[in-house]
Amino acid sequence: MSSQTSSNVENLSPQVIRQVSKELAQLVSNPLEGIRQTSSNVENLSPQVIRQVSKELAQLVSNPLEGIRVCLNEEDVSDIQAVIDGPACTPYFGGCFRVKLILSKDFPLSPPKGFFITKIFHPNVSRNGEICVNTLKKDWKSDLGIKHILLTIKCLLIVPNPESALNSEAGKMLLEHYDDYCKRAQMMTEIHASKQMKDCFDADVSNAWCSQSSDSVRRLVENGTDNETSGGPILKRHANDKSVAKPMATSLTQKKSNIKDKKRTLKRL
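Counted from 1, the sequence shown has number 259 at position 259 by UniProt numbering; the numbering is strictly sequential.
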């Protein structure tokens with residue numbers, strides 16, 4: 001096994017090695033630290049905050065925002081994820097973008113950290129997914145809730161702010177070569193966030209997770225967790241559903257060549 005590993009490195013071009021090394025360094029510097037803290041965050045939150053957040057999340061599941069689907073984590077209420085549809089008349093239209101909010105131990109006095117899990121080309125999103133928006137920084141107020149944050153992130157897809165860019169390349173391109181910016185952002189959307197290229201099984205599981213039963217939502221509001229389930233019966237049921245896996249394979253096969261062509265085009269940009 002070790003001999004195969006060394007030969008693989010030798011077969012990689014210096015450019016690829018530098019690119020991979022740079023991306024790994026970026027992933028280690030910020031978001032991974034936040035992800036490591038996720039498991040302990042819920043223990044640091046007060047019962048009152050847990051109930052408050054659980055109630056708001058349950059409301060967002062029962063009455064979803066337009067183009068935003070919140071996913072409940074039954075085991076950790078501080079791990080908040082949602083899928084945002086790319087708004088119309090933007091280069092992100094047609095894409096599904098998964099975002100993650102990580103609550104700090106002194107939430108809501110301090111803002112949560114926001115990340116795009118889905119890769120995106122945007123001035124206010126770093127290459128490792130960190131979101132830069134004033135609502136999560138200097139403009140944060142303790143009475144702002146999860147709903148307000150998700151709406152703000154969606155608005156950021158409509159009106160980027162190149163003046164506070166985390167991705168300097170995207171910010172400069174937006175200001176100086178808007179058409180090129182749109183082409184790059186649209187290409188990234190088609191490759192990484194296209195609805196047609198989404199893993200059908202993953203999408204089905206996500207929908208099942210986001211559409212929890214009323215009893216599960218009620219328990220989450222009352223207790224901050226769903227103690228009756230372990231891993232979620234809906235998720236387990238879909239994990240063994242072969243009818244879901246079959247269309248997934250068909251869809252991926254049909255789109256495989258198109259995605260390869262788009263990736264080659266993106267590398268030349």
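Positions of the beta carbon are idealized from the N, C-alpha and C atoms, including for glycine. For clarity, every value in this text was computed on a predicted model and none was experimentally measured.
Residue i burial status per 10 Å Cβ neighbour count (16 or more: buried)
i, result
"K154", "buried"
"A88", "exposed"
"L57", "buried"
"T135", "buried"
"I117", "exposed"
"D85", "buried"
"H177", "exposed"
Coarse secondary structure for residue i, derived from DSSP in three states
i, result
"D76", "coil"
"R69", "strand"
"A185", "helix"
"G171", "helix"
"S194", "strand"
"D85", "strand"
"K55", "helix"
"V125", "strand"
"I117", "coil"
Terminal residues of the beta strand (DSSP E) in which residue i lies
i, result
"R98", "96-102"
"C155", "Premise fails: C155 lies in the alpha helix (DSSP H), 146-158, not in any beta strand (DSSP E)."
Check: Can you find at least 3 beta carbon pairs, one from the region 113-129 and one from the region 156-176, that sit closer than 8 Å?
Finding: The count of Cβ pairs closer than 8 Å, one atom from the region 113-129 and one from the region 156-176, reaches three, so the stretches are in contact.
Notebook entry, point to check: Is the number of C-beta pairs between the region 75-88 and the region 144-160 that are closer than 8 Å three or more?
Noted result: Judged by pairs of C-beta atoms under 8 Å, the region 75-88 touches the region 144-160, as three or more such pairs exist.
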